[in-house]
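Let me begin by presenting the structure, written as structure tokens, before commenting on it.
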Amino acid sequence: MNWYLLIHVTVGVITATFIRSDPFDFAAKALFPAASILIGVSLAWSTRAATILQTGDLRAALFNDDRPPEDYVYAFQLSILVIIIMLAYVSVMAGGGVEITVLGRDTDNRISGVILYTLLSLSLRECWGVVNFTNMLSLLEYLRTKREKE
């Protein structure tokens, strides 16, 4: 948890306010395929990162008492978990939601939309984080290999 969560909630509120489509219809028509793509991209790039982290010299340079391997592995795992949670939520929304009314149907639908767009914003950031970190690992591996050759 950090202050970025407030940014994602703000994005969720703004998006839910300005998108004219019903969040349940939007989830079914647009977000379900997009959410599936996000999980695929994240898993593919995580696999690439895992392959890069298997390089002995790079592991020795990255992993130490201050940054154990768990920090890297669990960061990827947490990113994928956030995206899976978003995919599950989008699936429920695409199916029409659940028939539980707490604050009234309209208010509950608005809150569901805010949660949907907040999770989407958070998932986009996590997916981009996986891609970005994997690219950084690739560059580190390239630079390490280049130095060895010189």
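So in this note's numbering, the last one in the sequence shown is 200, and the numbering has no gaps at all.
Positions of the beta carbon are idealized from the N, C-alpha and C atoms, including for glycine.
Bear in mind the structure is a predicted one, so any value in this text is a computation, not a measurement.
If distances are taken between C-alpha atoms only, which option among F76, V123, T101 and V61 comes closest to E191?
Taking the sequence shown and counting its residues from 1, the one referred to as residue 191 is at position 141. Minimum Cα distance to E191 is reached at T101.
Whose CA, out of V61, L170 and M186, lies closest to the CA of Y122?
Looking up residue 122 in the sequence shown gives position 72. The residue with the shortest Cα to Cα distance from Y122 is M186.
The alpha helix (DSSP H) enclosing T151, as first and last residue numbers
By one-based count along the sequence shown, residue 151 stands at place 101. Segment: none, T151 is in no alpha helix (DSSP H) and carries neither H nor E.
Helix or strand or just coil, what does DSSP make of I133?
The residue labelled residue 133 in the question sits at position 83 within the sequence shown. In this structure, I133 counts as helix in the three-state DSSP scheme.
Quick one, are the C-beta atoms of M136 and A85 less than 7 Å apart?
Locating residue 136 in the sequence shown gives position 86, where the first residue counts as 1. Locating residue 85 in the sequence shown gives position 35, where the first residue counts as 1. Yes.
Between A80 and L112, what straight-line distance do the alpha-carbon atoms span, to the nearest angstrom?
As a position in the sequence shown, residue 80 is number 30, starting the count at 1. As a position in the sequence shown, residue 112 is number 62, starting the count at 1. Whole-angstrom Cα-Cα distance: 39 Å.
Member of G145, I133 and R194 whose CA lies at the smallest distance from the CA of I87:
As a position in the sequence shown, residue 87 is number 37, starting the count at 1. Minimum Cα distance to I87 is reached at I133.
Determine the burial state of F68: buried for a count of at least 16 other Cβ atoms within 10 Å of its Cβ, exposed for fewer.
Taking the sequence shown and counting its residues from 1, the one referred to as residue 68 is at position 18. So F68 counts as exposed.
Here's the rule: buried if 16 or more other CB atoms are within 10 angstroms of the residue's CB, otherwise exposed. What is Y54?
On the sequence shown, residue 54 is found 4 positions in, with the first residue counted as 1. Y54 comes out exposed.
Would you say T157 and W95 are within 7 Å of each other, going by their C-beta atoms?
As a working mapping, residue 157 is identified with position 107 in the sequence shown. As a working mapping, residue 95 is identified with position 45 in the sequence shown. Against a cut-off of 7 Å, the Cβ pair of W95 and T157 comes out as no contact.
Could you check the C-alpha separation between L169 and G145 for me, to the nearest Å?
Your numbering for residue 169 matches position 119 in the sequence shown. Your numbering for residue 145 matches position 95 in the sequence shown. So the alpha carbons of these two residues sit roughly 17 Å apart.
Alpha helix (DSSP H) segment containing T67, residue limits
As a first step, residue 67 must be located in the sequence shown, where it is residue number 17. From DSSP, the alpha helix (DSSP H) with T67 extends over Y54 to F68.
Could you give the residue range of the alpha helix (DSSP H) that holds P83?
The residue you call residue 83 lines up with position 33 of the sequence shown. P83 -> alpha helix (DSSP H) spans F82 to L103.
Going by beta-carbon coordinates alone, are G163 and P73 separated by less than 7 Å?
Counting from 1 along the sequence shown, the entry for residue 163 is found at position 113. Counting from 1 along the sequence shown, the entry for residue 73 is found at position 23. The answer is yes: Cβ separation under 7 Å.
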